[in-house]
Amino acid sequence: MSNKLPLQGIRITDFSWVGAGPTTTRTLAEYGAEVIKIESSKRPEILRLTGPFRDAIPGVNRSGYFSNRNPNKKSLDLNMKHPKARDLVVDLIKKSDIIINNFTLGVMEKWDLGYEDVKKINPQIIYVTMPSQGSTGPHADYMGFGGTMSALVGINYLSGFPEGEPFGTGTNYPDHVPNPAHTAFGIMAALWYRKKTGEGQYLEIAQTETSLNFLPTAVMNYSLNDEILERIGNRNLNAAPHGVYTTLGNSRWIAIAAFTEQEWTGIKQVMGFPAWADADKFATLDHRLKNQDELDASIEEWTKGHDGYQLMNKLVQAGVRAGVVQNPKDLLEDPNLIARNFYKYLDHPEMRRHVYNITPCHLSKTPGQLTSPAPLIGEHTDEVLREVLGLSEKEIQVLKAQDVVG
Amino acid sequence: MVVDPNGKNFFANVRILELAGELGGYTGKLFANLGADVIRIELPDGDPTRHERPFIEGAPDKEKSIRYQYLNTNKRGVVLDLTKPEGKDIFYKLVKTADCLIEGFAPGYMDSLGLGYEQLNEFNPKLVYTAITPYGQNGPYKDYPYSDLISMAMGGFLFLAGNGDNKPCLAPDKQSYFMADLYAAYGGIVAMYHADNTGEGQFVDVSVQESVATALENAIQTFDLEGKIRRAFGAVEAGTGTYLCQDGYVYMMAAMGTNSYLWDPVVKWLIEEKIPDAELLSGKEWLDPNFRRIEQNKATFKRIFEHFSKQHTKNYLYVEGQKRKAVIYPVNSAKDVLENEQLLSREFFKKLAVEHLGKTVTYPGSPFRLEKMPWALKQSAPVFGQDTERILAECKYSDSQIKSLAERGVIYVK
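Chains as they are written, first to last, in the working numbering: chain B, -15 to 390; chain U, 83 to 496.
Laid out in structure tokens, this is it:
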């Protein structure tokens, strides 16, 4: 195993907040990048104020929503309203490889920290910006959130049951994977380019555009076949049965999918070959697709008397694709995730020991590291000023007295 | 393919081998977007994605699966029987020239063919070997069969897509595979960056279940810190969620905690429009999330708001709402997405005339925009066996050897 992580020596000036930006920089921090998170104790970011909180007691250093997005980072408490704050940022940019923000359009420019300004300060910088619908076009300055973007790009239209309204994913999905993971990949491409040429560049990520790369089928189908795909619940055009079925307990379900005749036979075997399942109307995939309402009802009649995990194990042993619809408690207790060290518990001064997940790429020789919990707000202000910017104790005290830093 | 303004393409000499399966297609596509030489290796029985519905013009045809066409742009395709010794020899030759291998077979399958990481590492110590599997390379579920639905269930994402005791619903387009493929690309490029610096390759192990479990918002922490099990946000409070309009639905966010900045513009607009009872919504009590969660209050908001929204189209509510700082988004169909003014203005969708299909195909464009590495749609997904001959010739096989290998079913040449 190497001693040196792949991104050791890469420094990031991180203006990002809330979801997608901080998730991007934490994935880079796991592989050794030094992330300096610029925050303001006067105006803490929204996730520090959003639960869950340790012991359900609110506090800027108690949010688990915030903490899992910000391990391994240093927090610099900077008052950007003070004219001297920009000078410190300029010095930091000179010593950084990457600067990232996900503000609405115009915020960085207002501070004279747009790309044109920043590349004069450091020509080798990789400048990352994440406007939700891009920096150009008639809707560039529209307000929105992950949940509303899901509706805009077509996720909601296709999620839900045909007889009900469009539902969506129940989360701000684009913020959690499509946007941050594409951004992290794009940053790595820019780092590669810089390694070969010595040149930095501008990288723009629109949340709508990353999400649409995960949703090709409906738009391509419409443009090629002139047909609008509609929501079909948990069904699938290529498989039947394909659904979520009630099992014993409250809000407990099992997911079962049969794409092949062999898998259908496997289900019949686990059911004990009931007579109904041998009817002609279920004999082939096409027949099962045509008679899904009855098929699903009959399967559910069977599953509802069983424990989900026991059923899953029996089905899996018969070669059938099956899985419990796991809830968050199940996930934390999942033996497979635990065996693979997906979770790491870190000690935090206010939150005590609590859970983080890793970025799910296990590199055999340079595995990602979660070494420190999310920072307290301003926890590293002195350290960054002293060790990165080379300021003396006296200079730091002056900045504090002038309310430039917290 | 990517060419910078000075005519340099710094990914052109990067070679990625991708073993065709349900997993890994998007991983390779991301590298192909950057201009890397991505060779998709299909086994003689073909890439399973070729058989997925929907198809262009409806009827099954191995060149017409829409998902196949999307995932494999800008790649080359070779058909190779890796179970035969001569097929393995060809594969070894390709591995020697590769920076990264992407595969999605069950754990242990490549080892059983003599093509596992340890064996390939001997041919090329710099190789990054990226394996994507449903549950990872180890753990009690590693050999369990899977599909997108199963991975979304076991990864915890499915559970969140529902309220109360309602059955959850699956997101479209196999999001679990996309998430795993994207993380594999990220892990792969980090490992390649390391290999370029140090000469040291490595194994990258990506699990679909884990990839899904990173998309749970704050659900894991909500249980860990507060002992509560959460499901969907949205639809649980007045002012957040899905509402009817004249031509379908809108999704709005008028409420966030005790903040008023999203709520006030909506109420002001409803009052301006003289919507009956709109004044009821201006009371301070509506800024309390607990008040907004009461069923009767949800119904009141819905009645008042839909009286207004049903008179207007989703696009009108969206655009006019933004002028007033009201966050009301359209629930767009595929048609709406293709006609979206913003995406059109940014020329996001790209078209390519595909000769063998006799069609001009519209594709989603690049997921990000790099100033010095502009993205271009260079070629459509490879036809079965399209580049076999050329790639074997590059590996110094003679015409007669290629002919003989094809006759014996080691390769397929189109």
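Heads up, the beta-carbon is just placed ideally off N, CA and C, and yes, glycines get one too.
Judged by DSSP in its simplified three-state form, B/H160 adopts helix.
Straight-line measurement puts the Cα of U/G246 at about 14 Å from the Cα of B/G233.
Annotated three-state conformation of U/P412 is strand, per DSSP. Around B/T268, the same chain offers no residue with a beta carbon nearer than 6 Å, after the five sequence neighbours per side are excluded.
Between U/Q201 and U/A463, the gap from beta carbon to beta carbon reaches 8 Å or more. For B/F151, the chain U residues whose C-beta falls within less than 7 Å of its own C-beta are A243 and C251, listed in chain order. Under the three-pair Cβ rule at 8 Å, the stretch 407 to 422 of chain U counts as touching the stretch 187 to 203 of chain B. Residue burial is scored here from C-beta neighbours: B/G217 has at least 16 other C-beta atoms within 10 angstroms and is therefore classed as buried. Beta-bridge analysis with DSSP links U/K441 to U/V436. Inclusion of U/T304 and B/H160 in the CB contact set at 8 Å is not warranted, their separation being larger than that value.
Not a single CB atom of chain U sits nearer than 8 Å to the CB of B/Y293. Here the C-alpha atom of B/A40 lies approximately 14 Å from the C-alpha atom of B/F50. With fewer than 16 other CB atoms across the displayed protein chains lying within 10 angstroms of its CB, U/L426 is exposed. For U/A141 and B/N275, the gap between their C-alpha atoms comes out near 21 Å. By alpha-carbon distance to B/L330, the top candidate from B/I342, B/A323, B/L321 and B/P319 is B/I342. Below the 7 Å Cβ cutoff, chain B contributes P(-10) and T350 as neighbours of U/H276, in chain order.
By the Cβ rule, the stretch 156 to 163 of chain U counts as touching the stretch 118 to 126 of chain U, because three or more pairs are nearer than 8 Å. Per DSSP, U/G321 is not a residue of any beta strand (DSSP E), being assigned neither H nor E. When U/K224, U/S448 and U/E388 are compared, the shortest CA-CA separation from B/D318 is found for U/K224.
With respect to the C-alpha of B/N45, the residue from B/L62, B/F326 and B/S25 having the closest C-alpha is B/S25. According to the DSSP secondary-structure assignment, B/W237 is paired through a beta bridge with B/T230. By the CB criterion at 8 Å, B/G390 and B/N63 fall inside the cutoff. Looking at U/L125, U/S147, U/P167 and U/M234, the one whose alpha-carbon comes closest to that of U/V443 is U/S147.
Taking the CA atoms as reference points, U/K392 sits about 56 Å from U/H276. Under the three-state reduction of DSSP, U/F187 is assigned to coil, being neither helix nor strand. For B/Q381, the number of other beta carbons within 10 angstroms of its own is below 16, and it is reported as exposed.
Secondary structure of U/R122 (DSSP, three-state): strand.
In the same chain as B/M92, and ignoring 5 residues on each side of it, the C-beta atoms closer than 6 Å to its own belong to N85 and G98, in chain order. As far as DSSP is concerned, B/G170 takes part in no beta bridge.
Along the stretch 428 to 454 of chain U, going in chain order, the ones with a CB nearer than 8 Å to a CB of chain B are R428, F430, F431, K441, V443, T444, Y445, P446, G447, S448, P449, F450, R451, L452, E453 and K454. Neighbours of U/Y228 in chain B, taken as residues whose beta carbon is under 8 Å from its own, are R305 and G307 in chain order. DSSP places B/I380 in the helix class (H, G or I) of the three-state scheme.
Cβ neighbours of U/N300 within its own chain (closer than 8 Å, five residues either side excluded): R312.
Within the same chain, and ignoring the five residues on either side of U/N206 in sequence, the residues whose Cβ sits closer than 6 Å to its Cβ are V177 and K178.
Contact annotation: in the stretch 64 to 98 of chain B, no residue has its CB less than 9 Å from a CB in chain U.
In this structure, the alpha-carbon of U/E145 lies about 16 Å from that of U/G107.
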